[in-house]
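Have a look at the structure below, then the notes.
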Amino acid sequence: MTEAPILSSASKGIILAIFGTKGGVGKTSLCGNLGALCAEAGLKVLLVDADPQGSLGAFYPLVREADAGIVELIQRTASLEQCTSETAIAGLDVIVSNDTDGILETWIRAATNRGPALRLALEPARAVYDIVIIDTQGADGMGKTQELALRAADRILMPIVPDAVVVRELTNNSFSLLEKLQPLDSNDIQNRLPPPHALIYRVKTVSASHRVFTDGLRSLLDERALEGTAIRMKTEVPEGVAYNDAQSVYPAIPVHRKDPVRRKGQAVPCAAESMYDLALELFPQHAGAFETVKPKDRVEHLSLSNAVDHVE
2 MTEAPILSSA
12 SKGIILAIFG
22 TKGGVGKTSL
32 CGNLGALCAE
42 AGLKVLLVDA
52 DPQGSLGAFY
62 PLVREADAGI
72 VELIQRTASL
82 EQCTSETAIA
92 GLDVIVSNDT
102 DGILETWIRA
112 ATNRGPALRL
122 ALEPARAVYD
132 IVIIDTQGAD
142 GMGKTQELAL
152 RAADRILMPI
162 VPDAVVVREL
172 TNNSFSLLEK
182 LQPLDSNDIQ
192 NRLPPPHALI
202 YRVKTVSASH
212 RVFTDGLRSL
222 LDERALEGTA
232 IRMKTEVPEG
242 VAYNDAQSVY
252 PAIPVHRKDP
262 VRRKGQAVPC
272 AAESMYDLAL
282 ELFPQHAGAF
292 ETVKPKDRVE
302 HLSLSNAVDH
312 VE
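Residues in the sequence shown are numbered from 2 upward in steps of one, following our numbering.
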């Protein structure tokens, strides 16, 4: 990886953490697909795997694998470049998770002042990357590494599947957890977490129960938005076979390549449209770059007779 020259403060990269206390909602898939689309738009993107399961680091093939990973990055025993691996997708790098033994949890708990450790470790990345996306652990309760990821983020993206279990988890755990991490001093801007961007995710458009939960979830998030504790995203991502199909092949491909064409006259958008809309809403400052990956409309081929009439 060749480091870019230091940019002006106005051009500094943005750090996004993908967060949720419920596992299995598709955070890693979202992280990998969003990052790949941004990279193919010509942006420099870094994925950071802060989940001990290490799925994000294996999402795409690596063409250069670093000797170090998330442990050395947070502990500051290796530089950003020494911790960064290159994926097969141009412009998309990744810091893999190498914390299968839970070293970081013990290290973080050994001191009380390690909350900004990941934020400080990723500060050099702002001069190299346009976008940094952190994948966090989805688990029962809160891990200290997850807390570090939230404290490092400029923006928090919270994907929410509209079903009873996930909505209950959202109300009881995710929002309460974010509230607990807010500083007691309301004037402490530096340590204040931003309100999460709430994404209604993997919607089953043909399911009546999902439609009911989706409507209820919109209302709940609108109430949170009025309180200033959440931002409901306009983009909603439907469930689709393309997401599984893109990951089931080897090597895995970004979902916007698997399902690239708009479905004319259909309510459900193609995967490329969902990822494009999501990227544009999260990173509007890169709207010009995203025009290069904007999904195309399906070209309707004329029949032979129609083609002759058209020529005449």
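For each residue, glycine too, the CB sits at the ideal point set by N, CA and C. The structure displayed is predicted, hence computed values, not measured ones.
In three-state terms, what does DSSP make of residue 142? With a pLDDT of 47 at residue 142, under the threshold of 50, the predicted position of this residue should be treated as unreliable, though the coordinate-derived value follows. Residue 142 falls in the coil class under three-state DSSP.
Whose C-alpha, out of 61, 43 and 280, is nearest the C-alpha of residue 247? 61
Taking residue 135 as the reference, which of 260, 98 and 87 has the closest Cα? 98
With DSSP collapsed to three states, give me the class of residue 185. coil
Which residue marks the beginning of the alpha helix (DSSP H) containing residue 259, and which one marks its end? 256-259
Buried or exposed (CB count within 10 angstroms, at least 16 for buried), residue 189: exposed
I believe residue 184 touches residue 157 by the beta-carbon criterion, under 8 Å. Please report the beta-carbon distance rounded to the nearest angstrom. Not quite, the Cβ-Cβ distance comes to about 16 Å (not below 8 Å), so this is no contact.
May I ask you to check if the CB of residue 136 is nearer than 6 Å to at least one heavy atom of the ligand MN? Looking for the ligand MN in the displayed structure turns up nothing, as the structure carries no ligands at all.
Taking residue 215 as part of the alpha helix (DSSP H), name the residues at either end of that continuous run. 209-228
Quick check on the burial criterion: 16 or more other C-beta atoms within 10 angstroms. Buried or exposed for residue 14? buried
CA-CA distance, residue 67 and residue 93? 14 Å
Please confirm whether residue 41 and residue 294 have their CB atoms less than 7 Å apart. yes
From 179, 191, 194 and 201, residue whose alpha carbon lies closest to that of residue 168: 201
When you compare the CB positions of residue 237 and residue 204, do they come within less than 7 Å of one another, or not? yes
CB-CB length for residue 50 against residue 71, believed under 8 Å: 6 Å
Work out the CA separation of residue 280 and residue 129 for me, nearest whole Å. 19 Å
Quick one: measure Cβ to Cβ for residue 290 and residue 21, integer angstroms, because I've assumed they're closer than 8 Å. That belief does not hold up - the Cβ atoms of residue 290 and residue 21 are roughly 27 Å apart, past 8 Å.
Across the stretch 23-40 and the stretch 255-273, are there enough close Cβ pairs to call them in contact, namely three or more that are closer than 8 Å? yes
Bridge partner(s) assigned by DSSP for residue 86: 95
Rounded distance between the beta-carbons of residue 163 and residue 31, thought under 8 Å: Their Cβ separation, rounded to whole angstroms, is 15 Å, which puts residue 31 and residue 163 out of contact at 8 Å.
Please report the Cβ distance between residue 126 and residue 81, rounded to the nearest whole angstrom; I am assuming they are in contact, meaning their Cβ atoms lie under 8 Å. 6 Å
Assign residue 342 to one of three DSSP states: helix, strand, or coil. Outside the displayed range of the chain (2 to 313) lies residue 342, so it cannot be described from this structure.
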